[in-house]
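Engineer: Residue numbers for the sequence shown follow my numbering, so the first one is 118 and each next one is one higher.
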Amino acid sequence: MPQIHVVSVRALAEYAMEKGDLIPGGASYARMREGIRGHQALQELLPVNWQAEAPVSRDIETDGHILRVQGRADAAYIGPDIVCVREIKTTGRNPHAILKYDYPVHWAQAEIYAALLCLNHGVERAEVRLIYARLDGVKREYAEAYDADTLNRLLMGYVRLYMGWITAVDDWKAKSLATLQSFGFPYDDYRDGQKEMARAVFRAMKRGANALIEAPTGIGKTAASLYGALKALGKGYITAIFYLTARTTGRRAAEDALDRMRAQGLAIRSVTITAKEKCCLLEAPDCMGCPHAMGYYDRRRDALKAAVGMQKLDADAIRALAEDYGLCPFELSLDISETADVIICDYNYAFDPRVRIKRYFGARSRAGLLVDEAHNLPDRAREMLSASLSGRRLYELRKRVASFEGKESPMVRLMTELLRALKCENDQEPEALSDLPEGVVEAARRFAEAAGELQSAEPDVREFVFDVQWFVNVSKRFDPECYRVMMLPQDRWLLIRLWCYDPSKHMRRALGRVGGAALFSATLAPMDFYAAQLGADGEADESLRLESPFPRENLKVLRLPVSVSLRDRERTQHAVAQVIHAMAEAKPGNYIACFPSYAYMTLVFRHYRMLWPYEDAICQEAHMTEPRRMAFIERFVPAPTRSLVGFIVLGGVFAEGVDLPEDRLSGAAIVSTGMPQLSFERELMRELFDDADDGGTDAAYTYPGLRRVLQAAGRVIRTETDRGVVLLMDVRYRQEKLRELMPPHWDVTDVNKLSDLKRELEGFWEG
Ligand code: SF4
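1. Bridge partners for N707 per DSSP, in chain order?
2. Can you determine whether any heavy atom of the ligand SF4 sits closer than 6 Å to the C-beta of C462, and answer yes or no?
3. Beta carbon of V126, beta carbon of G196: below 7 Å?
4. Once you ignore the five residues that flank Q545 on each side, which residues in its own chain have a CB closer than 7 Å to its CB?
5. Evaluate L636 with the Cβ neighbour count: other Cβ atoms within 10 Å of its Cβ, from every protein chain shown; 16 or more gives buried, anything less gives exposed.
6. Report whether the distance from the Cβ of P576 to the nearest heavy atom of the ligand SF4 is below 6 Å.
7. Tell me the rounded alpha-carbon separation between A144 and E204.
8. What does a CB cutoff of less than 7 Å around N671 pick up in its chain, not counting 5 residues either side in sequence?
9. Find out if the Cβ-Cβ distance for the pair A561, V578 is shorter than 7 Å.
10. Going by Cα to Cα distance, which pick from V558, E580, D469, S760 is closest to R626?
11. Can you tell me whether A401 sits near the ligand SF4, meaning its C-beta is under 6 Å from at least one heavy atom of the ligand?
12. Less than 7 Å between the beta carbons of T836 and P778, yes or no?
13. Can you give the Cα-Cα distance for V425 and V286, rounded to whole angstroms?
14. Just curious, the alpha helix (DSSP H) that E372 is in, first and last residue?
15. Quick check on the DSSP output: the alpha helix (DSSP H) that includes D441 runs from which residue to which?
16. Using a Cβ-Cβ cut-off of 7 Å, state whether I453 counts as contacting chain D.
17. At the level of alpha carbons, what is the spacing between V582 and M528?
18. DSSP puts H122 in a beta bridge; with which residues?
19. Would you identify the three-state DSSP class for D864, choosing helix, strand or coil?
20. Counting C-beta neighbours from all protein chains within 10 Å, is the total for S682 16 or more, i.e. buried, or is it exposed?
21. Alpha carbon to alpha carbon, what distance is there between R537 and A437?
22. Nearest to I613 by CA position, among A568, E548, R662, is which residue?
23. How close, in whole Å, do the beta carbons of T356 and A484 come, if the pair is a contact with beta carbons under 8 Å?
24. So for E548, helix, strand or coil by DSSP?
25. Looking at the secondary structure, which residues open and close the alpha helix (DSSP H) in which N327 lies?
26. Could you tell me if E877 is buried or exposed, where buried requires 16 or more neighbouring beta carbons within 10 angstroms of its beta carbon?
27. Could you compute how far the alpha carbon of V631 sits from the alpha carbon of E656?
28. Any idea what DSSP makes of R630, helix, strand or coil?
29. Could you tell me the boundaries of the beta strand (DSSP E) in which A214 lies?
30. By Cβ distance below 7 Å, which residues in the same chain neighbour R110 in space, the five residues on each side in sequence not counted?
31. By the three-class DSSP mapping on this structure, what secondary structure does Y304 have?
32. Name, in chain order, the residues that DSSP records as bridge partners for D264.
33. Taking DSSP's pairing of strands, which residues face P606 in a bridge?
34. Consult DSSP for I474 and reduce its assignment to one of helix, strand or coil.
35. Quick check on this structure: which residue in E853, A363, C617, G274 has the alpha carbon closest to the alpha carbon of K593?
36. I need the DSSP call for E135, collapsed to helix, strand or coil.
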């Protein structure tokens with residue numbers, strides 16, 4: 118029995134007939150295929166004997182393979198001697214501006230439905246009608262008549278083209294599967310906890326559930342999670358693996374782990390999706406008119422075929438392929454992801470409704486998710502699901518557009534109209550509402566529709582229009598159980614934020630649609646809080662807390678009762694500087710001193726330089742470029758002969774995701790409990806999460822703070838041979854709640870005097 122391949126009518130048509138540009142508004146079909154709204158309105162007007170969403174399916178045999186083609190025709194009539202098919206395409210364009218053959222893929226789709234219906238019902242004639250409809254009711258129709266032979270010839274042409282491609286993908290999958298089933302763990306031995314972690318990942322994928330795993334730094338989470346997921350892939354429990362990470366270092370770790378597995382015989386195709394701005398082939402990215410976007414769909418098929426033979430499609434390989442075929446690398450990586458075994462990308466491709474990969478995350482799929490640094494995900498999800506509309510931004514933009522388009526241009530008039538809805542009263546205070554401001558939403562909706570039609574060539578205007586469209590979109594999903602409207606005055610204007618304060622509902626739904634997920638991090642305490650926030654608290658879900666695999670005595674944790682509250686900072690800066698200096702003086706090495714804000718960091722850094730001007734100390738700057746960041750990190754050399762102190766900000770680029778193994782980092786002084794500063798948003802969160810146990814303060818301040826602290830402290834011990842110190846400076850570290858949330862492998866010693874601190878440090882390093 119030949120293997121049956123299943124394909125939707127739409128996918129078959131798109132593969133066979135795709136043509137055109139990538140850019141919305143050109144001859145691209147990509148925009149048109151998104152349009153489904155308005156279908157029901159037209160379907161309701163169907164004559165009797167017509168069927169809306171008519172199901173169609175047929176197995177077609179060719180060259181020893183069977184292709185099952187299936188789908189639902191928008192509307193169909195099946196008579197004794199004729200089949201009629203209507204394909205409805207909702208569009209934002211003026212339907213009268215669309216020519217009959219602008220979108221060959223739409224004809225192909227309708228022809229496939231007609232061909233299948235003729236074959237299934239033994240009918241010899243068909244009429245196909247394409248209807249382009251705008252939401253306001255304007256429409257344009259095109260019709261074509263066919264005989265069954267012609268339709269069959271067209272159908273077989275599409276099928277053969279598709280089979281040529283899909284059998285190449287299948288051949289690869291068969292080769293990969295054999296190695297997936299036989300390959301072993303890619304290291305000689307498991308580190309403590311790695312086997313448990315790999316098993317938990319495998320179990321989650323097998324049961325289609327979630328595993329929340331707290332595993333200390335250095336345990337080898339990347340290799341363990343990938344191994345567990347690859348084994349599930351080999352067993353057929355999942356169909357692809359998404360390794361989701363927010364950082365370049367996480368992406369590299371996943372690529373390196375897969376390289377190691379390939380070196381041991383695993384055949385696996387992985388693709389890395391890099392953000393558009395980072396992988397763009399143009400110096401100044403502007404997709405409108407970009408040569409790599411024009412004719413993208415004409416050249417894409419050949420590039421995809423070439424990619425089937427490649428195992429590692431990282432950023433460099435994608436770029437080379439994109440250059441060879443003249444394609445946009447970003448879009449190419451998304452297209453390749455549809456057939457890859459492992460997709461390494463940011464969280465947003467799975468969870469952000471704007472950019473998530475529809476094939477895997479738009480509907481149910483059996484993708485397995487590995488979420489690295491999952492502690493970041495609740496905040497990221499809040500961002501992904503929220504939307505803002507800023508009057509100040511619009512005011513500035515309108516001024517610029519008026520200067521080159523003139524005050525009476527249609528775009529400026531639309532902007533002026535929207536701006537009226539964003540005016541704020543002189544004495545208006547920030548406020549949070551649980552109902553939508555209907556007037557603003559309506560103004561935004563009108564603007565989004567009309568401005569979208571104008572299709573501005575100005576990138577800033579296009580971006581603003583997209584943002585307003587997103588604002589309107591979020592207003593439709595607004596739910597007072599997880600959203601609030603923030604009305605924030607900014608000068609004369611309002612910033613209106615539709616803020617998703619609780620992303621758990623969305624996360625639960627998103628995770629429920631995939632084939633299983635493992636969410637891991639070194640800092641997920643308390644686990645029940647994160648499980649709820651991440652939507653991983655279902656009955657079938659499990660959580661696992663792993664011990665550090667490294668000797669406890671290699672880490673010295675000292676707690677110092679320094680008052681670092683805002684009002685005491687000037688007074689205690691000298692004491693803080695002395696503690697940091699004592700840490701650096703105890704043994705030549707590289708150290709970090711971590712602060713909750715730039716202002717506090719700068720205050721103590723200046724004092725430190727004044728006291729010890731000849732000692733090595735560097736300080737993080739706001740908005741550092743990539744080369745400056747690299748230069749900062751490179752100062753942390755191995756085997757230093759004199760001490761260096763890097764002053765950094767908790768939660769910033771150097772406090773998380775930076776790997777300084779062995780003697781590249783000997784200690785971290787953490788000033789404060791890392792709690793975020795008071796803000797309107799944080800206070801609102803505290804109120805919204807509040808319960809009898811003061812859960813609001815924990816959710817808004819304590820847990821985010823602790824997460825930053827533990828991430829920074831986690832930089833110190835990275836391997837079995839690392840030794841190092843962590844100094845916790847804040848009187849609040851003695852509170853019972855914080856003590857309970859400390860990692861279980863930390864032995865914390867209290868010191869009250871500088872002399873005691875020096876003695877403890879000396880003892881540790883001598884020991
Ligand atoms: S290459 Fe750059 S400018 Fe061109 S389509 Fe891709 S992202 Fe846009």
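Built from N, CA and C at the ideal position, the CB exists for glycine as well.
Structural biologist: With the structure as the only source:
1. Note: N707 sits in a beta bridge opposite L761.
2. Checking the Cβ of C462 against the ligand SF4 gives no.
3. Cβ distance not < 7 Å, so V126 and G196 don't count as in contact.
4. Only residues of its own chain outside the window of five on either side were considered, and among them P606 have a CB closer than 7 Å to the CB of Q545, listed in chain order.
5. With at least 16 other beta carbons inside 10 angstroms of its own, L636 counts as buried.
6. Every heavy atom of the ligand SF4 is 6 Å or more from the Cβ of P576, so no.
7. Because A144 sits at a pLDDT of 36, beneath the cut-off of 50, its placement in the model cannot be relied upon, and the following sentence gives the value as read from the coordinates. In a straight line, the C-alpha of A144 is about 18 Å away from that of E204.
8. Its chain contains I834, D839, R840 as the residues whose beta carbon lies nearer than 7 Å to that of N671, once the 5 sequence neighbours on both sides are disregarded; these appear in chain order.
9. A distance of 7 Å or more separates the beta carbons of A561 and V578.
10. Comparing Cα positions, the closest option is D469.
11. Checking the Cβ of A401 against the ligand SF4 gives no.
12. A contact, by the Cβ cut-off of 7 Å.
13. In this model, V425 and V286 are separated by some 6 Å (Cα to Cα).
14. Run containing E372: 365-380, per the alpha helix (DSSP H) assignment.
15. Looking at the DSSP string, the run of the alpha helix (DSSP H) that includes D441 is 432-442.
16. Among the chains of the structure shown, chain D does not appear; only one protein chain is present.
17. Those two C-alpha atoms are separated by around 10 Å.
18. Bridge pairing for H122: L184 [DSSP].
19. Here DSSP, grouped into helix, strand and coil, assigns D864 to coil.
20. Within 10 angstroms of the beta-carbon of S682 lie fewer than 16 other beta-carbons, which makes it exposed.
21. Using only the alpha carbons, I get a separation of about 49 Å.
22. Among A568, E548, R662, the Cα nearest to that of I613 is on E548.
23. Correct: roughly 7 Å between the Cβ atoms.
24. Assignment of E548 by DSSP, reduced to helix, strand and coil, places it in the strand class.
25. From DSSP, N327 is part of no alpha helix (DSSP H) but of the beta strand (DSSP E) over 327-331.
26. Burial call: buried.
27. When only Cα atoms are considered, V631 and E656 end up about 16 Å apart.
28. In the structure shown, R630 falls within a coil segment according to DSSP collapsed to helix, strand and coil.
29. Here A214 belongs to no beta strand (DSSP E), and DSSP marks it neither H nor E.
30. Because residue 110 is not part of the residues shown, which for the chain are 118 to 884, the question remains open.
31. In this structure, Y304 counts as coil in the three-state DSSP scheme.
32. In the DSSP output, where bridge partners are listed per residue, D264 has R242.
33. Partner(s): L611.
34. DSSP, reduced to helix, strand and coil, places I474 outside both helices and strands of the structure shown, so it counts as coil.
35. Nearest of E853, A363, C617, G274 to K593, Cα basis: C617.
36. Here E135 sits in coil by DSSP.
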